[in-house]
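Trainee:
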Ligand code: NAI
């Protein structure tokens, strides 16, 4: 069985993607797959796949391939998504409600137990079975509902103060959407999610490709011009 401590952060970061592909294979009724077949599907080199999945007890056997269900279950165990995590959302605006409305998190064991806001017009509303509560109830709710994870979908100016309250109330994991870095003790983990950073990376890639196309077009034109002038001379 794989030991979580021995697996590098880079491999852990790739596990959710393996998990997704393995889930699709299970849905298709595929019981085993070779690294080459998985490589073709995932567009990752077969050697990378072998290196990554070797962390899971060498279940890729020569001539047999990987046991899909075993790997799927093992990756779920490593990621801790074979257990239930109780989650709350702080900030029941556009983003907070969008997260609450997404049903797939529950399938992965993330149970949205409560939502919190300061806006009196939102307090008392129910989003997909989850009531929006006033922020004053926060600490008591966390303790009573054994909440481990808090999603922060509030303005960045409010995030540090709320993060402090969450930590004092015993929260161990913050899923931070507010555009600010949080200062938390070492035993609290923060996962920052910034869609705009992802978009900026996309922008870089699309612009680089565009620049490259323009450079090639100019080069081609210059060559054609040189050829034409050469013929005229
Ligand atoms: P929104 O204005 O619709 O919702 C924010 C909610 O937070 C409001 O309902 C407001 O009453 C509530 N709120 C404010 N202070 C609070 C406090 N102290 N305690 C509890 N609730 C409080 O805004 P939206 O669009 O939902 O965005 C929320 C935050 O997420 C913003 O900071 C935004 O910049 C950020 N954001 C981040 C993204 C990302 O990829 N990381 C993507 C979209 C938004």
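Residue numbers (this note's numbering): 8 to 240. Note that beta-carbon positions come from the ideal geometry of N, C-alpha and C, so glycine has one too.
#1: Grab me the residues of residue 120's own chain with a C-beta within less than 7 Å of its C-beta, minus the 5 sequence neighbours each way, in chain order.
#2: By the DSSP assignment, the beta strand (DSSP E) with residue 103 in it spans what residues?
#3: Report whether the distance from the Cβ of residue 98 to the nearest heavy atom of the ligand NAI is below 8 Å.
#4: Using 10 angstroms around the beta-carbon of residue 235, count the other beta-carbons present and answer buried if the total reaches 16, otherwise exposed.
#5: Starting from residue 114, trace the alpha helix (DSSP H) both ways and give me its first and last residue.
#6: Verify the contact flag: residue 168, CB atom, against every heavy atom of the ligand NAI, threshold strictly below 8 Å.
#7: Does the distance between the C-beta of residue 110 and the nearest non-hydrogen atom of the ligand NAI fall short of 8 Å?
#8: Output needed for residue 9: all residues of its chain with C-beta closer than 7 Å, excluding positions within five of it in sequence on either side, in chain order.
#9: Using a Cβ distance threshold of 8 Å, determine whether the region 167-178 contacts the region 186-194, with at least three qualifying pairs required.
#10: Would you give the residue range spanned by the beta strand (DSSP E) that residue 198 belongs to?
#11: Relative to the alpha-carbon of residue 34, which residue among 75, 145, 221 has its alpha-carbon at the smallest distance?
#12: Compare the C-beta of residue 115 against all C-beta atoms of chain D and say whether one is closer than 9 Å.
#13: Going by DSSP, name the residue or residues bridged to residue 73.
#14: Go ahead and pull the three-state DSSP assignment for residue 8.
#15: Is it the case that the region 128-141 contacts the region 97-104, given that we only count it when at least three CB pairs across the two stretches are under 8 Å?
#16: Report whether the distance from the Cβ of residue 123 to the nearest heavy atom of the ligand NAI is below 8 Å.
#17: Who does residue 93 pair with in a DSSP beta bridge?
#18: Comparing alpha-carbon positions, which option in 24, 78, 53 lies nearest residue 39?
#19: On the CB-based measure, 16 or more other CB atoms within 10 Å of its CB, does residue 140 come out buried or exposed?
Mentor: Quick answer:
#1: 93, 94, 95, 152, 154
#2: No beta strand (DSSP E) holds residue 103; the alpha helix (DSSP H) holding it covers 101-108.
#3: yes
#4: exposed
#5: 111-114
#6: yes
#7: no
#8: Model confidence at residue 9 stands at a pLDDT of 48, short of 50, so the residue's coordinates are unreliable and nothing is read from them.
#9: yes
#10: 196-199
#11: 75
#12: The chain inventory of the structure shown lacks chain D, comprising one protein chain alone.
#13: 40
#14: Because residue 8 carries a pLDDT of 46, less than 50, the predicted location of this residue cannot be relied on, and the following value inherits that uncertainty. In this structure, residue 8 counts as coil in the three-state DSSP scheme.
#15: yes
#16: yes
#17: 118
#18: 78
#19: buried
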